[in-house]
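Mapping of the sequence shown onto my numbering: position 40 corresponds to residue 49, and the numbering continues sequentially without gaps.
Where is the CB? At the ideal position from N, CA and C, for every residue including glycine.
Treat the numbers as computed from the prediction; the structure is a model and nothing was measured.
Here's the structure, in structure tokens; my notes come after.
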Amino acid sequence: MNAETGADPTVNARTVAVSAAFAAVAGLALWPPGAVYWTAVAAAVGEAATLALVVVAALALGGAFGALTGVDVRAFAAGAALAYLLGMAAVARSPDSPVHLFLYGGIAVCLVAGTAVARARAATARTSDD
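See below:
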């Protein structure tokens, strides 16, 4: 997935599509609409700790995806944005609440940040090996 700059646009489109699919699945797994299992966690540890756990999980998932695939961060960000837009179009038809607009946006940002950190660490490791 780590396409060189100026590579075939279909490779880039494929990378964005795969990134969008991953971001959509990760978002749904982290915060499924209508069946939020985090309410039980929030009852036990509090809302702030629960949201922190979701943030850490999203960062970790994004980081793992970035480390395993070598995806370009801009392509991943485009895919996450696409997943967000498509997801919000679906959620808008039967919204649980408008907070989902912000929550899924936050999850997408955390996924992208995790990917960016993983790619930066990989680049640093490459330079230190030279």
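Note on F111: under 16 other CB atoms within 10 angstroms of its CB, so exposed under the neighbour-count rule. When rounded, the separation of the alpha-carbon atoms in A134 and G71 is 18 Å. Contact between G123 and A69 is confirmed by a C-beta separation of about 6 Å, below the 8 Å threshold. CA-CA distance, R128 to F85, rounds to 11 Å. Look at the segment 79-127 and you find these whole runs of alpha helix (DSSP H), each 4 residues long or longer: 82-102. Shown here, W47 sits in a helix according to DSSP, grouped into three states. Leaving aside the five residues that flank A73 on each side, the residues in its chain whose CB is nearer than 8 Å to its CB run, in chain order, G123, A127.
With three or more CB-CB distances shorter than 8 Å, the segment 88-96 counts as touching the segment 26-40. Cβ atoms of I116 and A67 come within 8 Å of each other, at about 5 Å.
Setting aside the 5 residues that flank it on each side, F31 is surrounded in the same chain by F74, each with a C-beta closer than 6 Å to its C-beta; the list follows chain order.
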